[in-house]
């Protein structure tokens with residue numbers, strides 16, 4: 289009898305050790321989801337504030353506010369993609385752990401399924417980070433644009 293069979297104490301301990309390894313990825317994904325959710329809430333708050341300013345805006349202000357709302361919409365879409373991808377990563381990670389346990393219990397070869405699920409988890413995490421990075425770049429670009437606009441307005445003075 290091999291020490292990796294699920295009916296031996298060493299085999300069970302090994303299966304649990306191997307299954308716990310993806311939990312670290314799952315913990316990281318949960319942290320990412322928390323960050324993504326917080327940023328999405330901030331984008332939503334900004335969109336509410338900016339859309340509230342549209343009612344009393346002049347035509348020039350309205351164009352600037354519309355542009356700002358378009359950028360906030362794009363940021364929200366990128367964050368939505370990051371959340372969905374991170375959630376899929378979590379699901380794939382859990383699927384990999386479940387496959388490992390079921391495969392061990394059924395004494396079946398599930399390496400292909402396990403490899404695919406864990407690979408999907410890593411790929412989804414990578415894509416979620418790419419979407420989040422793109423959102424961060426849009427956010428920082430928006431900040432730089434607002435700073436440049438405020439500086440230009442300040443240099444023009446009140447009569448400009």
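Residue numbers (this note's numbering): 289 to 448.
No residue lacks a Cβ here, since even glycine has one placed at the ideal position from N, Cα and C.
Note that the structure is a prediction, hence the values are computed from the model and not measured.
Look at the Cβ atom of residue i, then the Cβ atom of residue j, and state whether they are nearer than 8 angstroms.
i	j	result
residue 413	residue 314	no
residue 384	residue 409	yes
residue 311	residue 374	no
residue 331	residue 363	yes
residue 423	residue 367	yes
residue 353	residue 345	yes
residue 337	residue 430	no
Taking all protein chains shown into account, decide if residue i is buried (16 or more other Cβ within 10 angstroms of its Cβ) or exposed.
i	result
residue 377	buried
residue 436	exposed
residue 440	exposed
residue 425	exposed
Helix, strand or coil for residue i, going by three-state DSSP, please let me know.
i	result
residue 445	coil
residue 342	coil
Keeping to the same chain, check which residues put their C-beta closer than 8 angstroms to that of residue i; ignore five residues upstream and five downstream.
i	result
residue 443	none
residue 405	380, 381, 383, 384 and 387
Whose C-beta lies closer than 7 angstroms to the C-beta of residue i among residues of the same chain, with five residues either side of it excluded?
i	result
residue 339	357
residue 427	363
Measuring alpha carbon to alpha carbon, tell me which of the options ends up nearest residue i.
i	options	result
residue 370	325, 428, 302 and 360	325
residue 433	355, 411, 407 and 401	355
residue 420	335, 327 and 333	327
residue 372	298, 411 and 390	411
Going along the chain, which residues of its own chain have a beta-carbon closer than 6 angstroms to the beta-carbon of residue i, five neighbours each way excluded?
i	result
residue 335	360
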